[in-house]
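Report on one structure; see the data block that follows.
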Ligand code: PEP
Ligand code: MN
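In the numbering used here, the protein residues as written are 6 to 373.
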């Protein structure tokens, strides 16, 4: 067991905890790290009474009481939805909240038609009930010659159009230097599949002040994915949303294999919200809706889906972009599946955000 103290906890708190633990027959040991004090108990100690654990957990100055044998205590303990600040008020994403939908293009372009395309996209997304507009400004591309995104100017455009339609923005940060820029414009910062294993990026992202969308690496196990989420929670992220986007298997006919078993397993292991991205698993338009619905049936709390008014004009991932008139039917079908699977789909004003998994605007000023 580990009793983790708040960074500013007075020294007397540690002394009191140690005395309680010694009285209970355990041998406490101090460990310092990441600016905090932790009191560890050697493994094999006699079980502590439930009352003592409860007293420790609720004590002033104690951040958490963790099971030292459990590599993902925070991920396992997470409950309740993540709140994302949006222009239309807080959006709850996760178990117990309505299905969350994020629609938008793969990448934001700046060509003459880009603004009109994005307006049409945002309008269709909002009409379908999406509260989030997706779009990559910093793009992770396999080829150095492929479109790399339009950077800060792309984010500025995305923000402006999202505001016009009262949508929140989700966009990817691939580097520590991009985190602050993306966090300035997006209410939800995406960490992409290629970045999931970058622990320096995870640590920095946890401090960017925004909730994070953590995509599963296409070569990562469920355990590795959840450990990456543990980094984010341990680093103080104000909310973590997992995203299953397909893994690499021996099957080349689809771009990736949407791991519904992994999604359902993650659902059993954690109360963190889980979105599914059927677009990058499908790689091709006709597979997107079936995968999306299957993911909702398997327990996804929402969907992030690529779309474009004219896929031929998309600067990346055009073949998997849904047409705009496909969004409302998909959203409706997804809600019906969620309903059939016994999940609540009504908007509730009584969403609670326990466990500190709560987002707040990054600053009082709205992002620009
Ligand atoms: C994306 O969502 O834009 C993206 C690049 O996805 P992934 O990181 O899952 O490949
Ligand atoms: Mn894409």
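Note that beta-carbon positions come from the ideal geometry of N, C-alpha and C, so glycine has one too.
On a predicted model such as this, the values are computed, not experimentally measured, just so you know.
By DSSP, does residue 113 sit in helix, in strand, or in coil?
-> coil
Which of helix, strand or coil DSSP assigns to residue 186 | helix
If you drop the 5 nearest sequence neighbours on each side, which residues of the same chain put their C-beta closer than 6 Å to that of residue 13?
-> none
Please look up how many angstroms separate the CB atoms of residue 225 and residue 249, rounded, as I've assumed it's under 8 Å.
-> Actually they do not touch by this definition, with Cβ atoms about 11 Å apart.
Contact belief for residue 163 with residue 176 at Cβ below 8 Å, rounded distance in angstroms = 7 Å
Rounded separation between residue 6 and residue 70 - CA only = 7 Å
In whole angstroms, what is the alpha-carbon distance linking residue 92 and residue 173?
-> 6 Å
If you run the structure through DSSP and keep just helix, strand and coil, what is residue 291?
-> helix
What's the call for residue 116, buried or exposed, on a 16-neighbour Cβ count within 10 Å?
-> exposed
Helix, strand or coil: how does DSSP classify residue 262 here?
-> strand
Look at the alpha carbon of residue 223 and the alpha carbon of residue 261, and state the distance between them as a whole number of angstroms.
-> 8 Å
Ends of the alpha helix (DSSP H) at residue 51?
-> Unbroken run through residue 51: none, as it is neither H nor E.
Start and end residues, beta strand (DSSP E) containing residue 220 | 217-220
Using a threshold of 7 Å, state whether the C-beta atoms of residue 78 and residue 88 are closer than that.
-> no
What residue from 328, 279, 72 and 58 has the CA that sits closest to residue 306's CA?
-> 279
Just to confirm, does residue 111 get its C-beta within under 6 Å of one of the non-hydrogen atoms of ligand 2?
-> yes
Using 10 angstroms around the beta-carbon of residue 273, count the other beta-carbons present and answer buried if the total reaches 16, otherwise exposed.
-> exposed
Use the C-beta contact count for residue 17: other C-beta atoms within 10 angstroms, 16 or more gives buried, fewer gives exposed.
-> exposed
With 16 as the cutoff for other CB atoms within 10 Å, does residue 74 come out buried or exposed?
-> exposed
Identify which residue in 335, 343, 90 and 288 has its Cα closest to the Cα of residue 132.
-> 335
How is residue 156 classed by DSSP in three states: helix, strand or coil?
-> helix
Can you find a heavy atom of ligand 1 that lies under 6 Å from the Cβ of residue 170?
-> no
Opening and closing residue of the alpha helix (DSSP H) in which residue 27 lies | 16-28
Indicate the three-state DSSP secondary structure (helix, strand or coil) for residue 249 in the structure shown.
-> strand
Rounded to whole angstroms, what's the CA-CA distance from residue 139 to residue 167? Just pull it up for me.
-> 9 Å
Whose CA, out of 54, 52 and 60, lies closest to the CA of residue 22?
-> 60
Span separating the alpha-carbon of residue 154 from that of residue 213 | 21 Å
Can you check DSSP and say which residues form a bridge with residue 166?
-> For residue 166, which the question treats as bridged, DSSP gives no partner whatsoever.
Jot down the residue ranges of each uninterrupted beta strand (DSSP E) in the stretch 74-125, minimum 3 residues, whole runs only, in chain order.
-> 87-89, 96-98 and 105-109
Which residues count as close to ligand 1 when the rule is a CB under 5 Å from any of its heavy atoms, in chain order?
-> 141, 197, 198, 220, 250 and 285
For residue 122, is the beta carbon positioned less than 6 Å from some heavy atom of ligand 2?
-> no
Per DSSP, residue 307 forms a beta bridge with which residues?
-> 105 and 280
Which partner residues of residue 10 appear in the DSSP bridge assignment?
-> 67
Based on Cα-Cα distance, which residue from 81, 240, 191 and 182 lies nearest to residue 207?
-> 240
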